[in-house]
Amino acid sequence: MPAGELQNENPQIKSSHCIPKRTKIAGPDEVNYYAGLDPIDGMGIVESAEDSTSEPFDAQEVFDLLASINDPEHPLTLAQLSVVNLNDIEVVDNGRDSSVTVHITPTIPHCSMCTLIGLCIRVRLQRCLPPRFRVHVYVKKGTHASENQVNKQLNDKERVAAACENEQLLGVLNGMMSSCA
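Per the UniProt record's numbering, the very first residue in the sequence shown carries number 1; after that it's consecutive.
The following block contains the structure:
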């Protein structure tokens with residue numbers, strides 16, 4: 001493929017108002033700024049790293065972490081291209097055996113960027129989620145010509161670790177995540 005030539009010149013783009021978002025976020029007047037403070041002296045109460053009172057992660061929260069990742073080929077996000085979808089994210093948050101599974105949908109069946117996109121999703125989640133989560137990234141069944149090979153690469157810890165040691169590749173991944181909050 002010559003430089004500058006797009007694989008998918010006319011992708012379907014989802015309008016930003018069609019991308020799922022949290023319906024209600026606590027406003028400044030609803031936040032309890034004193035939560036976690038000792039009522040006697042106002043100093044922070046030391047609690048365990050795994051606070052049992054914290055809200056569990058859900059699919060929407062994971063989707064929010066991934067939605068703004070930039071596509072490597074188009075000036076659009078993965079959510080706008082429907083590469084990541086809320087319905088394709090499964091979260092099990094039950095303490096020690098917590099996991100996140102994301103199924104991605106490539107824009108075309110022979111997308112050569114699929115492994116790069118999946119790697120970026122994995123790296124983003126590993127950076128943002130607590131260490132108790134195991135992360136799994138898969139190509140959605142029947143959406144890519146090399147589905148099994150890509151899935152094997154994305155879920156091989158040694159390959160992922162080696163890829164993350166490559167400075168040039170890490171630069172590309174960081175560029176894709178540059179618009180993430």
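For glycine and all other residues, C-beta sits at the position ideal for the given N, C-alpha and C.
Between residue i and chain B, is the shortest Cβ-Cβ distance under 7 Å, so that the two count as touching?
i	result
Thr101	Protein chains in the displayed structure number just one, and chain B is not present.
Distance, Cα to Cα, residue i vs residue j?
i	j	result
His103	Val139	5 Å
Ala162	Val123	12 Å
Leu125	Arg132	12 Å
Cys180	Glu61	13 Å
Asp64	Leu81	15 Å
Asn174	Val150	21 Å
His74	Met113	11 Å
Thr77	Ser68	5 Å
Asn70	Ser178	8 Å
Gly95	Leu129	13 Å
Asp156	Cys164	12 Å
For residue i, which residues in the same chain have their Cβ closer than 8 Å to its Cβ, ignoring the five residues on either side in sequence?
i	result
Pro109	Thr143, His144 and Ala145
In three-state DSSP terms, what is residue i?
i	result
Val83	coil
Arg124	helix
Arg134	strand
Asn148	helix
Glu167	helix
Who are the near neighbours of residue i in its chain, counting only those whose CB is closer than 6 Å to its CB and skipping five residues on each side?
i	result
Thr101	Glu90 and His136
Glu147	Val139
Asp93	Pro56 and Phe57
For residue i, which residues from the same chain have a beta carbon less than 7 Å from its beta carbon, with the 5 sequence-adjacent residues on both sides left out?
i	result
Met176	Ile69, Asn70, Pro72 and Cys120
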